[in-house]
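To keep things clear, I will list the structure first and then write my remarks on it.
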Amino acid sequence: MTTSSASELVPVPIRVLLPGDQEVVARLWSRRQVPDGWRYEVGLPAFRNGPGDSVEPADYRVWVHAPEHVRPVDGVSYDQVPTEYLERPSLVQEELGPRRPSGWVLAKAGGRGPGRGGVVHAVDCEEAPAGAPVLPLERALNAAEQPGVRLCSLCGAAAELDPVLKGFDEGFGEQ
């Protein structure tokens, strides 16, 4: 589908239901999907004062609720009306919710030398140290394999990284 530039945009007629059971044929400029339905940008016919004492035709533009305030005009196609659709999350995003930030951080334990340990946390874990460098998966796995380092169970680091460290077949029994 090709889109028209704003200068080529030609509004189409649409019936607008006004307060007091009045109805007028207006011009439909665009439509927008919003969380609770649709809004149509209509141009209601009006007059405005021009230079001097002149009066000239004008469009009073307003966004109205559809279908409560608008009705189609018989024989008019609305296919070319600029339309903004609400971005919908994918089914996966709807089911799983927002993604957590990627990466891991290592909270080092005090002391020196081998075996001093530490804890690997997800970036958004409330126990993760502030300002710690974010580790990509490979570096987090390398850190987790060091003696004395454990994976945080509060943020799920243990549940997420253990299968990668130990292999995915564990827990499925002999095949």
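So for the sequence shown, this note's numbering puts the first residue at 108; every next one is plus one.
Quick reminder that beta carbons are idealized off the backbone N, C-alpha and C, glycines included.
Strand pairing of aspartate 166, partner residues [DSSP]: Pro152
Leucine 124 - DSSP class collapsed to helix/strand/coil: strand
Of the residues Glu194, Pro174, Val180, the one placed nearest proline 142, counting alpha carbons only: Glu194
N-terminal and C-terminal residue of the alpha helix (DSSP H) that alanine 239 is part of: It is not in any alpha helix (DSSP H) - alanine 239 carries neither H nor E in the DSSP assignment.
Any 3 or more C-beta pairs closer than 8 angstroms across the segment 169-185 and the segment 140-160: yes
Which residues DSSP lists as bridging glutamine 253, in chain order: Glutamine 253 is not bridged to any residue.
Proximity winner among Gly224, Val241, Ala237, relative to leucine 258 (alpha-carbon distances): Gly224
Opposing strand residues paired with glutamate 130 [DSSP bridges]: Leu124
Leucine 198: first and last residue of the uninterrupted alpha helix (DSSP H) it sits in: 198-203
Beta-carbon proximity check, valine 230 vs glycine 210, cutoff 8 angstroms: yes
Exposed unless 16 or more other CB atoms sit within 10 angstroms - verdict on leucine 268: buried
Burial state of arginine 138, where buried means 16 or more other Cβ atoms lie within 10 Å: buried
Length of the line joining the Cα atoms of valine 180 and valine 117: 16 angstroms
Delimiting residues of the alpha helix (DSSP H) encompassing valine 271: 264-273
Separation of valine 131 from valine 199, as counted between CA atoms: 44 angstroms
Span of the beta strand (DSSP E), counted from its first residue to its last, around histidine 176: From DSSP, histidine 176 is part of no beta strand (DSSP E); its letter is neither H nor E.
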